[in-house]
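Heads up: the protein sequence lines correspond to chains P and U, in order.
The first sequence begins at 10 in our numbering and counts up by one.
The second sequence begins at 20 in our numbering and counts up by one.
Cβ coordinates follow ideal geometry from the N, Cα and C atoms, glycine included.
Presented below is the structure to which this report refers.
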Amino acid sequence: DLFGGGEIDEEFYEELEEILVSGDVGVQTTLKLVEELREEIAARRIRERSEARELLEDILGKLLQTAAEPVTPEQPPLVILLVGVNGSGKTTSIAKLAHFYKQQGKKVLLVAGDTFRAAAVEQLEIWAKRAGVDIIKQQQGTDPAALYFDAVNAAVARKADVLIGDTAGRLHTSDNLMDELNKIYRVINRNLEGAPHQVLLTVDATTGHNAVAQAEKFNQTLPLTGLILTKLDGTARGGIVVGIRDQLDIPVSYIGTGEKIEDLAPFDPRAFTAALLQ
Amino acid sequence: SLADKLQNTLRRLRGKGKLSEQDVDAAMREIRLALLEADVNFKVVKEFIASIRARAVGEEVMSSLTPGQQVVKIVNDELTRLLGSENKSLAQPAKSPAKFMLVGLQGSGKTTSAAKLAVHLRRSGKKPLLVAADIYRPGAVDQLKKLSASENLDFFSLEQSDPVAICKAGLKFAAHESLDPVIFDTAGRLHIDDELMSELGTIKDQVKPDEILMILDAMTGQDAVNAAVSFNDQVGISGIILTKLDGDTRGGAALSVRAVTGCPIKFTGTGEKVDALEPFYPDRMASRILG
Ligand SMILES: Nc1nc2c(ncn2[C@@H]2O[C@H](COP(=O)(O)OP(=O)(O)OP(=O)(O)O)[C@@H](O)[C@H]2O)c(=O)[nH]1
Ligand SMILES: Nc1nc2c(ncn2[C@@H]2O[C@H](COP(=O)(O)OP(=O)(O)OP(=O)(O)O)[C@@H](O)[C@H]2O)c(=O)[nH]1
Ligand SMILES: [Mg+2]
Ligand SMILES: [Mg+2]
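Structure representation (C-alpha cells):
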C-alpha cells in the first residue's frame, strides 16, 4: 500500500503516478493531480504518506462530487437518451434504468432507437419484457429521428412517467452518424420542451484516453448531462472519468457493475476513489 | 508532435559534445509520455524505453541535423519490429474442418468479427459455418443469425442452453455438410469470471480449435494486458483481432498485448459492415501509436 507509511519522497510521487496512470486516469490529468498534491503537501507541511492519502482523496472527491440532482421535468415524461460508442453498454444500461424506475412505481416506456444493427431491436425487446415495461419500435432501417418524433408523442399520449431511448452505437469520428444523433436530439427537443432532460454517455471502464475524445465530440453534438461508467465489475478502474470531469465538467451519474438488470448503481465518488488508489 | 518535442529537447543538447544522464532522461521522458498517452501499458513502456535508450541518443542521432526526427525514426522502427509477426495468417490444419474460436471481453466485436471472418474466408474459396454459442446475451443468437442471413452464410444454433453442447453439435453439422472452417462465436466474459473462463476451457477441450482468437477493442487502455494475459493463461490465445480501428484511438493496447503475450495480431476491424476486416499492418500501427 503506497500510503501505508513512511515519508514523502520522489519515489512516493513516482509510485503514485504509476497507480493513477495504470488506472487510466490519463497522462495529463495524472501530472496535474500530482502537481496539485505536491503543492498541498508543501503548503501544509505534510510529512507522512498516510496524511497524503487523505489529501488526495479530498482532491479527487471534490473533483468528482456528484452533480446537483439530475433534471426531472415538472410535467412527465422525463426523457432520457442513451448515447455512446459501439459496444459500450447502452442497451443493457437502458434495461437497468427501466428496472430502476419501474421499482419506484413509475410508468416506463422504452424506445428501440437503434434501427441499424442486426437484432438490436430484438435485444431491447427481450429486456423490456424482463423489466415489465412497454417498448416503441419500428423495423430495422427506419429513420431514428422519425421514430423519436412518434415515440415522444406516444409517451405523452400514454402518460408515461419516464421515456428511455436507445441509439445505435457510433464512433465520434463519424461525421454522418454524429449529424444523425444531433438530428435525433433536435427532433426530441422540438417535440417536447426541455427534452431530452438527461443525455447519458456510456463509457466502457476499460477505455483509455480515447474516452476523453469521445466525451468531447459527443458533447459537441448534443449536451451530455452525465456518464454511465460501465463494466466496472472487471479489473479496469475507469480512471478516465476523472479526466472527463476535469476537462469537460461532465459528471458520472451511474456505474454498471454487471450484466444483470439490477447491476446499476448511482456513482459514489468516495468508493470510486478508494478503488482507484488501490 | 513527438518529433517536434524531441527536436526541442535534443536541439539544446547538441553541440554539448557529450550527453549527461539527465539529458537522455529528458528525451526518454518525451517518448514515455507519448506512449502512455497512446494507451501503451505503463510496464511495457518502461521496458521499451530501457531497450531503446542507448540507441535513441547514440552517435547517429547526435550528429544529425534533425535529431528529433532521428529518434522518432528509431522508435518507429522498433515499434514496427515489436508489433510484427511471421505468423499472421490463419491456421490451415491438415484435417478438415478448420476450427476457429472467438473469445474476448463484453462488447469487443466478437459477433461482428465472426461474420466478417466468414465473409473473408468465403472469398478465398472456403465454405464457412458460423456457430452461435452465446446463449447468455439477449438476442445474441438472433444477431449472428441475421448477419448470416443477410450475407448468405451457413449458420448453426441449437434451442439449447449449453454452449459446450452447441459447439460440439455445430462441429458435427459442419462435418456432415462439408463446411469448413467452423467459426465459433462465444459470449463476452470477464477474465476474472471463473465459471465462464472454465466454460471456455471445456469448449476448447471438446472442440480442439485450431485458432483461439481474442477479439480486442483498440480503444482499451491499461487493462488490455490484464485481460490478454489472463485469457492466454487460462485458455491460450493463438492470435488477436483488433477492432474499431476506424476510430481515432491511438491503439497502444496492440503493443501492450503483443509485448506481454507474444500473440500475433492477425486482423483489424475497421467498421461495422461485414467487409470491414483488414490485415494487420505493423508499420501503420506503429505510426498510429506514436501519433
Ligand atoms: N460485465 C459487464 N458487462 C456489461 C455491462 N454493461 C454491459 N455489459 C455487456 O457489454 C456487452 C455490450 O452491451 P450492449 O448493451 O449491447 O452495448 P451497446 O452499447 O448497446 O452496443 P451497440 O448497440 O452494439 O453499440 C453485452 O455483452 C453486455 O452484457 C457491465 O456493467 N458489466
Ligand atoms: N466502428 C466499428 N464498430 C464495430 C467494429 N466491430 C464491431 N463493431 C460494433 O461494435 C458493437 C459490438 O459488436 P459485437 O459484435 O456485438 O460485440 P461482441 O463482442 O459480440 O459483444 P458481446 O457478445 O456482448 O460480448 C456493435 O455495434 C458492432 O457493430 C469495428 O471494427 N468498427
Ligand atoms: Mg445497443
Ligand atoms: Mg456477441
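Item: Hey, could you find the ends of the beta strand (DSSP E) Val120/P is sitting in?; Value: 117-120
Item: For Gln41/U and chain P, any beta-carbon pair shorter than 8 Å?; Value: no
Item: Could you list which residues in chain P have their beta carbon closer than 8 Å to that of Ser127/U, in chain order?; Value: Gly96
Item: At 3 residues or longer, and completely inside the stretch 138-186 of chain U: list those beta strand (DSSP E) runs for me, N to C.; Value: 148-151, 173-175
Item: Show which residues of chain U have a CB atom less than 9 Å away from the CB atom of Thr132/P.; Value: Looking at the sequence shown, residue 132/P is not Thr but Gln. What Gln132/P touches in chain U: Arg156, Pro157, Gly158, Ala159, Asp161, Gln162.
Item: By DSSP, does Lys285/U sit in helix, in strand, or in coil?; Value: strand
Item: Quick check: is any heavy atom of ligand 3 less than 7 Å from the C-beta of Lys146/U?; Value: no
Item: Considering only heavy atoms of ligand 2, does any lie closer than 7 Å to the CB of Asp272/P?; Value: no
Item: So, for Gln111/U: in the same chain, excluding its five sequence neighbours on each side, which residues have a beta-carbon less than 8 Å away from its beta-carbon?; Value: Ala117
Item: Between the beta-carbon of Val59/U and the beta-carbon of Ala75/U, is there less than 8 Å?; Value: no
Item: So the alpha helix (DSSP H) Phe109/P belongs to, where does it begin and stop?; Value: 99-112
Item: So what's Tyr84/P in DSSP terms, helix, strand or just coil?; Value: The sequence shown places Gln at residue 84/P, rather than the Tyr named in the question. Residue state, collapsed to three classes: coil.
Item: What three-state label does DSSP hand Thr216/P in the structure shown?; Value: strand
Item: Name the chain P residues whose beta carbon is nearer than 7 Å to that of Asn245/U?; Value: Thr244
Item: When the Cα atoms are used, what is the spatial distance from Val142/P to Val171/P?; Value: 11 Å
Item: Pull out every residue of the stretch 254-268 of chain U whose Cβ sits closer than 8 Å to any Cβ of chain P, in chain order.; Value: Lys263, Asp265, Gly266, Asp267, Thr268
Item: On the premise that Phe203/U lies in contact with Met120/U, defined as a C-beta separation below 8 Å, what is that separation, rounded to the nearest angstrom?; Value: 5 Å
Item: Output the boundary residues of the alpha helix (DSSP H) element that contains Val63/U.; Value: 61-75
Item: For His108/P, go through chain U and note every residue whose CB falls closer than 7 Å to its CB, in chain order.; Value: Under the 7 Å cutoff, chain U gives no residues; its nearest Cβ is about 14 Å from His108/P.
Item: Shorter than 7 Å, the distance from the beta carbon of Ala104/P to the closest heavy atom of ligand 2, or not?; Value: no
Item: If we cut at 8 Å on Cβ distances, does Lys146/P have a partner in chain U?; Value: no
Item: Please identify, using Cβ separations under 8 Å, the residues of the stretch 229-241 of chain U that lie next to chain P, in order along the chain.; Value: Asp236, Met238, Thr239, Gly240, Gln241
Item: Does any CB atom of chain U fall closer than 8 Å to the CB of Asp18/P?; Value: no
Item: Starting from Ala121/P, find everything on chain U with Cβ-Cβ shorter than 7 Å and list it in chain order.; Value: Residues of chain U passing the Cβ test: none, with the nearest at roughly 11 Å.
Item: For Leu121/U, list the residues DSSP reports as bridge partners.; Value: Asp204/U, Leu232/U
Item: Determine whether the Cβ of Leu198/U lies closer than 8 Å to any Cβ atom of chain P.; Value: no
Item: Which residues, in chain order, sit with a beta-carbon under 7 Å away from any heavy atom of ligand 4?; Value: Lys129/U, Thr130/U, Asp153/U, Arg156/U, Ala159/U, Gln162/U, Asp204/U, Ala206/U, Gly207/U
Item: Say whether chain P places a C-beta atom closer than 8 Å to the C-beta of Asp153/U.; Value: no
Item: Name the two residues that bound the continuous beta strand (DSSP E) containing Tyr263/P.; Value: 261-265
Item: Over what stretch of residues does the alpha helix (DSSP H) that includes Gly220/U continue unbroken?; Value: 213-226
Item: Between the beta-carbon of Val254/U and the beta-carbon of Lys223/U, is there less than 8 Å?; Value: yes
Item: I need the DSSP call for Thr239/P, collapsed to helix, strand or coil.; Value: strand
Item: So, with DSSP's three-state summary, where would you put Glu27/P?; Value: helix
Item: DSSP beta-bridge partners for Ser273/P?; Value: Inspection of the sequence shows that residue 273/P is occupied by Leu rather than by Ser. Per DSSP, Gly265/P.
Item: Taking CB distances under 8 Å as the criterion, tell me whether Asp33/P reaches chain U.; Value: yes
Item: Using DSSP with H/G/I as helix, E/B as strand and the rest coil, what is Thr39/P?; Value: helix
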